[in-house]
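Here is the structure we will look at, set down as structure tokens.
Number of protein chains: 2
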Amino acid sequence: MQLDERKMKILQAIIRNYLETGEPVGSRTISKYTDLNLSSATIRNEMADLEELGYIVQPHTSAGRIPSDKGYRFYVDTMMEDKEREVEELKGMLLEKEEKMENLLKQAAKLLATSTNYATMISAPSSHHNRVKFIQLSRVDAHQLLAVVVAEGNLIKNTILPVEEELSDETLLKLNMLLNTHLNGLAIDEISLAIISVMKQQAGIHSDIIGNVIDAVADTITHEEDLEVYTSGTNNIFRYPELADQSKASELINAFEEKQVLSELIQQNLSDENETGIQVYIGNETPIQSMKDCSIITATYELGEGMKGTIGIIGPKRMDYERAVGALKHLKNQLDDIYKK
Amino acid sequence: MQLDERKMKILQAIIRNYLETGEPVGSRTISKYTDLNLSSATIRNEMADLEELGYIVQPHTSAGRIPSDKGYRFYVDTMMEDKEREVEELKGMLLEKEEKMENLLKQAAKLLATSTNYATMISAPSSHHNRVKFIQLSRVDAHQLLAVVVAEGNLIKNTILPVEEELSDETLLKLNMLLNTHLNGLAIDEISLAIISVMKQQAGIHSDIIGNVIDAVADTITHEEDLEVYTSGTNNIFRYPELADQSKASELINAFEEKQVLSELIQQNLSDENETGIQVYIGNETPIQSMKDCSIITATYELGEGMKGTIGIIGPKRMDYERAVGALKHLKNQLDDIYKK
DNA sequence: TATTAGCACTCGACATCAAAGAGTGCTAAC
DNA sequence: GTTAGCACTCTTTGATGTCGAGTGCTAATA
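Chains G and B, in that order, give the protein sequences. Note that this note's numbering has the first sequence beginning at -2, numbered continuously upward. Note that this note's numbering has the second sequence beginning at -2, numbered continuously upward.
So, in structure tokens, the structure goes:
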């Protein structure tokens, strides 16, 4: 059995209707809803076929049909091919300038959540492809050194290093030279043990103290930033009865609080990346088990210099995909533009 | 009418029972529960008195009684005076060492949440009483300076400052000297406009650029850190039916996500501070409107050098206060001890 | 052959009703 | 002051019946 044009139309009608109402949709509704001019009986036959093909399911005998994951997938794929509907309203969704990146991200998540009524998340861009621009060791007091590393994107990392013996100004200068000549211009993830050991040799392998300092600086640079993820509008899940029952809500909320869980999503998004930068995961397609009753839309944004982050929408499977994708694109573009200016 | 000893015993029995069961408690239960050897009829009379005094309420006619806020308050106050019950189990609640404060705090919140089954929060200690230890300006490139400030507690702040003209090494050195001589040893919240203007004068008022740099450094130092608050176990609220209905849960979850709201709690806790460092807010006593159906217990911890933070438990009004307070004290002590070592 | 009308059937949603049970307040007796 | 007894109230629970939406199937129709 094939999915002919009429079946497609009917399927689309079913899904559209279900997205709007959230109620299983019956044959009579479709018979009136579409311009196919078919009786409900015919529709019933077609629906039986669509069910057999796996695009729709019946919650129980003698109920209307609702889309299956496969059905949604079909809908999203055909929809995505259509020319994007410009949602006028979304144009008002504008990010304001923010000094700190953290606040910018929080703002973005919040904006997205309020304008879509879904839960949202955003991850801070990762920076391990950035290049080291500047390193400096300075003496805070006799037993403490301060190491500061500046990388592309004005990313600053620093630590206090305890030292057992006070280092002379000369040694410090020498160390600074050494670190800068070897590490400047390297991407953070290019710094290897080999380079570190070369530096140690040049510094004079006999000095443990200096070796420790070099190790500590290298650690500081390469140390993976802790995952920074911000969420907003978590409580929007209560708008959708299919997600709002206690056990599901509890699981979801837990996932939102344990940002660690969301990193799955970020990984997945970055690895699935395509031309548009937009991913749609429906139901069981999602990488996060606790969100299998949800649909997730993610986008990769880029704050320049390879600093890629993920912004996403998490909502019920019957979400307004067009609008959600539109909003996400709109925001992604704004984020991408920020660096260019 | 007075609260004589017998009434007190009955009240305590009612509350204890209600804390355990979460069900309105009737006269017959108390008659058997206590060692007072009174019939249920007598208890009924006493209960009528207690209701008149405002310690207990009836959800509806012909239901048992539940404690009012006033009742809980009485219970907590008398309980707090009692010798603290040592909860054996809590001794296993131990913080592990963590390099980064952020992770330590997250761990503390999580530990507290899992061992109490309530929602928890913790705020990073504020640092504006800390003293400046070390300031350094360095040139990253022709048009960018890096300013690093180290304060007590090895608190590091930094910024990149754009400069229009390249500053000579000499100027930079002079600026470094100036900044250090004037600001070292001052607490962050002691840095005033007066001091800044003195520095500007000494630097040579005619140079706008230098003035701007000084301003920017002062900004960096005094800039209030963004509120850092971590939460854990938010979904524990679903364990308590009285908090788990959709509208309440949604409101609560929103409060937990909008960390800003929790800052109210932190302010309140820091200003109400008493000898024990522990606060209990019951129902309407809480500073956060959306938590008026909850009880909140907060503690002030100190990571040394005046860096005070707040750790708190948010649960239903019928929470196990003794256990919660015990757990909070236990954790507070551990946090306080970390600095001492 | 595809479509449609008709019809019996299924199932959830909802309202109604009765019975059970917990608990009270009051009165009168101890 | 305490208690037994009793009528009364109110919630909870389950059973029952009705309604309506929607189906699948069959037979008639274009």
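Just so you know, even glycine gets a beta-carbon here, dropped at the ideal spot from N, CA and C. Model, not experiment: these values are computed from the prediction.
Per-residue burial, residue i [other beta carbons within 10 Å of its own, 16 or more giving buried]
| i | result |
| --- | --- |
| S65/B | buried |
| E43/B | buried |
| V129/G | buried |
| N232/B | buried |
| L0/G | exposed |
| L172/B | buried |
| K94/G | exposed |
| E85/B | exposed |
| E254/B | buried |
| M316/G | buried |
| G89/G | exposed |
| Q257/B | exposed |
| T117/G | buried |
| N127/G | buried |
Rounded distance between the beta-carbons of residue j and residue i, thought under 8 Å
| i | j | result |
| --- | --- | --- |
| A106/B | G306/B | A106/B to G306/B, Cβ: 11 Å. No contact. |
| C291/B | L240/B | 7 Å |
| Y298/G | I308/G | 6 Å |
| Y318/G | G230/G | 17 Å between Cβ atoms; not a contact. |
| V147/G | L143/B | 6 Å |
| S189/B | L249/B | Actually they are not in contact, since the Cβ atoms of S189/B and L249/B sit about 41 Å apart, beyond 8 Å. |
| K4/B | L47/B | 6 Å |
| L267/B | I293/B | Incorrect: roughly 14 Å between the Cβ atoms, too far for contact. |
| S112/G | E222/G | Wrong, their Cβ atoms sit about 29 Å apart, outside the cutoff. |
| T295/G | Q264/G | Contact flag wrong, Cβ pair sits at about 11 Å. |
| A60/B | T31/B | Going by Cβ atoms, the distance from A60/B to T31/B rounds to 20 Å, so no, they are not a contact pair. |
| G312/B | A321/B | 7 Å |
| V73/G | I279/G | 7 Å |
| L175/B | A213/B | That pair is no contact at about 14 Å. |
| I132/G | N100/G | Contact doesn't hold; Cβ gap of about 28 Å is too wide. |
For residue i, the first and last residue of its enclosing beta strand (DSSP E)
| i | result |
| --- | --- |
| P238/G | Run containing P238/G: none in the beta strand (DSSP E); it sits in the alpha helix (DSSP H), 238 to 241. |
| V226/G | 226 to 229 |
| D138/B | 129 to 138 |
| L394/B | Residue 394/B falls outside the range modelled here, since chain B spans only -2 to 338, and no answer is possible. |
| Y298/B | 291 to 299 |
| M118/B | 116 to 120 |
| V84/G | No beta strand (DSSP E) contains V84/G, which DSSP labels as neither H nor E. |
| I275/G | 275 to 279 |
Beta carbon proximity, residue i to chain G, threshold 7 Å
| i | result |
| --- | --- |
| N251/B | yes |
| E254/B | yes |
| S247/B | yes |
Boundaries of the alpha helix (DSSP H) in which residue i is found, first to last residue
| i | result |
| --- | --- |
| G68/B | 66 to 78 |
| M316/B | Counting along the chain, M316/B falls outside any alpha helix (DSSP H), and DSSP gives it neither H nor E. |
| V214/B | 205 to 219 |
| V160/G | It is not in any alpha helix (DSSP H) - V160/G carries neither H nor E in the DSSP assignment. |
| A105/B | 98 to 113 |
| V195/B | 190 to 201 |
| E2/B | 2 to 18 |
| I27/G | 24 to 30 |
| M44/G | 37 to 50 |
| I341/G | Shown here, chain G extends from -2 to 338; a query on residue 341/G therefore has no answer. |
| T178/G | 166 to 180 |
Neighbour flag for residue i against chain B, beta carbons, 7 Å
| i | result |
| --- | --- |
| S124/G | no |
Practice problem: Please list the residues of the stretch 95 to 120 of chain B that have a C-beta atom closer than 8 Å to any C-beta atom in chain G, keeping them in chain order. | Solution: K97, E99, N100
Taking only beta carbons into account, state which residues of the stretch 230 to 242 of chain G come closer than 7 Å to chain B, listed in chain order. T231, N232, F235, A241
- Task: Determine which residues of the stretch 132 to 159 of chain B have a Cβ less than 9 Å from any Cβ of chain G, and write them out in chain order.
- Result: Q133, S135, R136, V137, D138, Q141, L143, V145, V147, N151, I153, N155, T156, I157
Give, in chain order, every residue of the stretch 214 to 225 of chain G whose Cβ lies closer than 9 Å to some Cβ of chain B. Cβ contacts with chain B come from D223.
Interface residues of the stretch 8 to 42 of chain B facing chain G [CB-CB below 9 Å]: Result list empty, no residue passes.
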